[in-house]
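Just remember that our numbering sits 1029 ahead of the position in the sequence shown, which is counted from 1.
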Amino acid sequence: MLVVKKFGGTSVANKERIYNVANRCIEDYKKGNDVVVVLSAMGKYTDELIDKAKDINPNPPKREMDMLYTIGEQMSVALMAMAMNHLGVPAVSLNAFQVSMHTTSVYGNARLKRIDSERIRNELEQRKIVIVTGFQGVDKFDNYTTLGRGGSDTTAVALAAALNADSCEIFTDVDGVFTADPRKVPAAKKLDVISYDEMLELATLGAGVLHNRSVELAKKYGVHLVVRSSLNTAEGTIVKEVGSMEKMLVSGVAADKDTTRISLIGLKDEPGVAFRLFNHLARHNINVDMILQSVGRDSTKDITFTTTEDNAQEAVEIVERHFHEYEKIDVEKDVVKVSIVGAGMQSNPGVAAKMFECLYDEGINIKMISTSEIRVSVLIGEKYAEKAMNAIHEKFSLGDN
1030 MLVVKKFGGT
1040 SVANKERIYN
1050 VANRCIEDYK
1060 KGNDVVVVLS
1070 AMGKYTDELI
1080 DKAKDINPNP
1090 PKREMDMLYT
1100 IGEQMSVALM
1110 AMAMNHLGVP
1120 AVSLNAFQVS
1130 MHTTSVYGNA
1140 RLKRIDSERI
1150 RNELEQRKIV
1160 IVTGFQGVDK
1170 FDNYTTLGRG
1180 GSDTTAVALA
1190 AALNADSCEI
1200 FTDVDGVFTA
1210 DPRKVPAAKK
1220 LDVISYDEML
1230 ELATLGAGVL
1240 HNRSVELAKK
1250 YGVHLVVRSS
1260 LNTAEGTIVK
1270 EVGSMEKMLV
1280 SGVAADKDTT
1290 RISLIGLKDE
1300 PGVAFRLFNH
1310 LARHNINVDM
1320 ILQSVGRDST
1330 KDITFTTTED
1340 NAQEAVEIVE
1350 RHFHEYEKID
1360 VEKDVVKVSI
1370 VGAGMQSNPG
1380 VAAKMFECLY
1390 DEGINIKMIS
1400 TSEIRVSVLI
1410 GEKYAEKAMN
1420 AIHEKFSLGD
1430 N
């Protein structure tokens, strides 16, 4: 049996936790299993690297940031291999070059193209635990790239798919996937099972348990995915295809504070305007999320969209440099996207109305609305985030499911 285990930064934050992870992996190894371990940087080390970079250059090149980021994971895997060897179990650490993990060349948000599994398989055949750097890859020009914050989850799932692993376990500092962030919603309850689609929506919408692209890969390749705590032996949450009889109306509520609203006012109300605007943004790799077009006056219209805080300034600069078809641009940073997710929503009308009623009862104004078959998202003032999450959680009785 081959298992892939991924541990986040808090799980390897210090010597005690490194040895805790080492012992958990060795337990599986001693059962006769092949074990591949994926690690993030220790604790808040990546944040420390960002601070160091911005102290040198407030606007550092993305290529150099990726070069810098890789230090964190390489330190983690090397120390973990040392710990396992000290415990009498052969282990080897590998970075993205040594595997190799081939990616696109979009620095800071690269996508995996393929993984060469030969080196890992050779090490496993020698009965070693293989410890791989998460979050990083190598592009066709032999430059280091990174997969975006949380990208170690994607590394682990991609390895599980490439190696045809029997299981991929994602270890975090919480017991699994909850109906809401338990640090913000005290009534939140752990889910035993959640569907790939629901987990993908929650991950995309700000639930920090899993990287959204890791869920995409797990669904595509049918990877058996489990989210559990590194600090205890609780069963965790299984992410899988869920039959219709198991579907709950609403599975969870999430809030994404990494959101900025940008409005272009006074655009010409004619064909092609939206295409030209979003084509410029796409060519510069700016992802947009919620989009709202409204009719103005005197043959004009307004377009409002959201993007991440990291992309907001660049998005504004791109619009000002390449797109001159508006009268005014307005930017609002103090917003949050609050969403409900549930596969059962597809066959139950009135879910959105119930959510809107809840926000009305709390006196919370809605700025934008976006929906899909299994999701309803609203943009509201950031200061209302926790109030909205708790009220919605109670309204849909999520803790009682």
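No residue lacks a Cβ here, since even glycine has one placed at the ideal position from N, Cα and C.
- Judged by beta-carbon spacing, Val1050 lies within the 7 Å limit of Val1041, meaning their Cβ atoms are closer than that value.
- Under DSSP, Ala1120 shares a beta bridge with Ile1158.
- The alpha-carbon of Val1244 is positioned some 21 Å away from that of Pro1211.
- For Lys1286, there is no enclosing beta strand (DSSP E), as DSSP marks it with neither H nor E.
- For Asp1171, the closest alpha carbon among the candidates Asn1419, Ile1079, Ile1149 and Tyr1136 is that of Tyr1136.
- Using a 10 angstroms sphere on the CB of Val1348, the tally of other CB atoms reaches 16 or more, which defines it as buried.
- Under the three-state reduction of DSSP output, Ile1393 falls in the coil class, being neither helix nor strand.
- The alpha-carbon separation between Leu1116 and Glu1230 amounts to approximately 41 Å.
- Comparing alpha-carbon positions, the option among Tyr1058, Ala1381, Gly1037 and Arg1305 lying closest to Lys1073 turns out to be Gly1037.
- With contact defined as three or more Cβ pairs closer than 8 Å, the segment 1070 to 1089 and the segment 1196 to 1208 are not in contact.
- Non-local beta-carbon contacts of Asp1318 in its own chain, meaning distances under 6 Å to residues more than five positions away in sequence, involve Thr1335 in chain order.
- Shown here, Arg1143 sits in a strand according to DSSP, grouped into three states.
- When Lys1396, Asp1339 and Ala1381 are compared, the shortest CA-CA separation from Ser1323 is found for Lys1396.
- Under DSSP, Thr1329 takes part in a beta bridge, and its partners are Lys1297.
- Less than 7 Å divides the Cβ of Leu1321 from the Cβ of Thr1333.
- DSSP places Lys1091 in no beta strand (DSSP E) but in the uninterrupted alpha helix (DSSP H) bounded by Lys1091 to His1115.
- Within the segment 1303 to 1379, the runs of alpha helix (DSSP H) that reach at least 4 residues and sit entirely inside it are, in chain order, 1338 to 1351.
- Look at Ser1181 here: in three-state DSSP terms it is helix.
- In this structure, DSSP gives Ile1398 an extended state, which the three-state scheme calls strand.
- In this structure, Ala1110 places its C-beta atom within 7 Å of the C-beta atom of Ile1160.
- For Thr1288, the closest C-alpha among the options Thr1039, Glu1415 and Glu1411 is that of Glu1411.
- For Val1128, the enclosing alpha helix (DSSP H) has its first and last residue at Ala1125 to Val1128.
- When the five nearest sequence neighbours on each side are left out, the beta carbons in the same chain lying within less than 6 Å of the beta carbon of Ser1224 are those of Val1271 and Ala1372, in order along the chain.
- Between the segment 1051 to 1062 and the segment 1084 to 1099 there are fewer than three C-beta pairs closer than 8 Å, too few to call the two in contact.
- Nearest neighbour of Ala1284 by Cα position, chosen from Phe1425, Tyr1098 and Met1418, turns out to be Met1418.
- In this structure the segment 1146 to 1158 touches the segment 1060 to 1067; the number of beta carbon pairs closer than 8 Å is three or more.
- Counting of Cβ neighbours within 10 angstroms places His1422 among the buried residues, the total reaching 16 or more.
- For Val1407, the enclosing beta strand (DSSP E) begins and ends at Arg1404 to Gly1410.
- Annotated as proximal: Lys1366 and Ser1406, with beta-carbon spacing under 7 Å.
- If you draw a straight line from the Cα of Thr1329 to the Cα of Gln1127, it is about 56 Å long.
- Under DSSP, Lys1269 takes part in a beta bridge, and its partners are Ser1224.
- Nearest to Ala1070 by alpha-carbon distance, out of Lys1059, Arg1046 and Gln1103, is Gln1103.
- The DSSP-derived three-state label of Glu1264 is coil.
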